[in-house]
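The numbering of the sequence shown is the working numbering, which starts it at 52 and goes up by one.
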Amino acid sequence: MTLLPAPAQLKDHRILLVNDDGIHSRGIELLEELVRQFTDDVWIVGPDEEKSGASHSISLSHPVRARKLGDKRFAVKGTPTDCVLMAVWEIMAETPPSVVISGINHGENLAEDITYSGTAGPAIEAALLGIRSIAMSQVYPFQLGVPPCFDTARQFAPQVLKQLLSCSWEKGSFVNVNFPAGAPEEVTGVRITTQGQRRPGSFTPMAGRDGRNVPYYWIKIAYDIGDPAAETDLAAIRDKAVSVTPLQLDMTAHSFAKNLKPLFGG
52 MTLLPAPAQL KDHRILLVND DGIHSRGIEL LEELVRQFTD DVWIVGPDEE
102 KSGASHSISL SHPVRARKLG DKRFAVKGTP TDCVLMAVWE IMAETPPSVV
152 ISGINHGENL AEDITYSGTA GPAIEAALLG IRSIAMSQVY PFQLGVPPCF
202 DTARQFAPQV LKQLLSCSWE KGSFVNVNFP AGAPEEVTGV RITTQGQRRP
252 GSFTPMAGRD GRNVPYYWIK IAYDIGDPAA ETDLAAIRDK AVSVTPLQLD
302 MTAHSFAKNL KPLFGG
């Protein structure tokens, strides 16, 4: 196991902030405010529009463009992962970031959300590049026209970040953090969790017809967490705890591979 060493001091970190809600979103503005408690070397490279659900995708069918908005601040016409690539290989190429933090997302990224998430995508890319990375999300009950409340993230993110930025880091890993909905005083603690799994059917097509009677579909989101195991991220958020989930890039099903080997002469 290879470890990325912790810095001598937190102020030694060079931090890149990315997200999928867009560079002008409230979540990344709050994240910038919070990380400046630790270091002044903060860079923001975010998509120029919302890219929720972009996952770990990259742009291959059209050019990626970056526009400077201010000191250490760039808007990218591309996916959240494009933002990491542009930052590491172009914008910050002379001195790449020591940490990539993605978020704070407007809404949860739990369980199988990780496979769809444009918040997790940049953290995955950073981990592939050997950079410690964190994805952060604020859970909230979605209501059309009602913006998310980040009070819980505002209160608990600094202590979570301080611990994660201070420790040694297992290479090839990233951390997924979710802050529960509700008031900060309702939070029951911080838990180290495992990735849960909801019941099937979280995302389904919902049919409609336009003015010309041509059918179209929106993807409907309807979560059913069932009865999650106590150690999972789903259970932590249900119990009003901050969920901190270490994840790794190696997706090999090792026990399944062991069972398959005899079938193929292994």
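Every residue, glycine too, gets a C-beta built ideally from N, C-alpha and C.
Going by C-alpha to C-alpha distance, which of the options sits closest to residue i?
i, options, result
"T146", "W94, V226, P313, P256", "W94"
"L120", "T90, V293, D99", "D99"
"R124", "S112, L111, P131, A138", "A138"
"L180", "K213, V86, I79, A144", "A144"
"T130", "A171, L215, P148", "A171"
"S76", "E101, F89, M302", "E101"
"L55", "G223, G78, A126", "G223"
"I74", "P114, R65, A126", "A126"
"V241", "Q214, Q248, R260", "Q214"
"Q246", "D91, V96, E163, D290", "E163"
"M257", "F225, Q248, A273, I243", "A273"
"K291", "P297, Q299, C218, A281", "A281"
"G277", "Q248, R260, P198, G262", "Q248"
"T53", "G104, K128, K309, E221", "E221"
"H113", "G104, S103, K128", "K128"
Buried or exposed for residue i, please, with buried defined as at least 16 other CB atoms from any protein chain shown within 10 angstroms of its CB.
i, result
"F230", "buried"
"N264", "exposed"
"I288", "buried"
"I182", "buried"
"P173", "buried"
"W140", "exposed"
"G169", "buried"
"S188", "buried"
"L85", "buried"
"V69", "buried"
"I142", "buried"
"P199", "buried"
Between the beta-carbon of residue i and the beta-carbon of residue j, is there less than 8 Å?
i, j, result
"L161", "D72", "no"
"S253", "T166", "no"
"V193", "G158", "The sequence shown places Phe at residue 193, rather than the Val named in the question. Yes. Within cutoff."
"L81", "I155", "yes"
"V293", "A232", "no"
"E176", "L111", "no"
"S153", "R65", "no"
"G97", "I79", "yes"
"P209", "Q88", "yes"
"V211", "V228", "yes"
"V226", "V295", "yes"
"L67", "S217", "no"
"A286", "P297", "no"
"I115", "D133", "Going by the sequence as given, residue 115 is Val instead of Ile. Yes, the Cβ-Cβ distance between V115 and D133 is below 8 Å."
"A57", "S219", "yes"
"L300", "A178", "yes"
Check whether the Cβ of residue i lies closer than 8 Å to any Cβ atom in chain C.
i, result
"G172", "The chain inventory of the structure shown lacks chain C, comprising one protein chain alone."
- Message: So within the region 136-183, which uninterrupted alpha helix (DSSP H) runs reach at least 4 residues, ignoring any that extend past its ends?
- Response: 171-179
- Query: Given 8 Å as the limit, is there contact between the region 196-209 and the region 259-279, that is, 3 or more CB pairs closer than that?
  - Reply: no
- In the region 240-270, which residue ranges form an unbroken beta strand (DSSP E) of at least 3 residues, counting only runs that do not cross its ends? 241-243, 254-260
- Taking three-plus beta-carbon pairs below 8 Å as touching, is the region 300-312 in contact with the region 237-253? no
- Ranges of the beta strand (DSSP E) found wholly within the region 183-243, counting only runs of at least 3: 183-189, 224-230, 241-243
- Query: Where are the beta strand (DSSP E) runs, 3 residues long or more, that stay fully inside the region 62-131, in chain order?
  - Reply: 66-69, 93-98, 116-121, 124-128
- Secondary structure, beta strand (DSSP E): runs of 3+ residues fully inside the region 267-298: none
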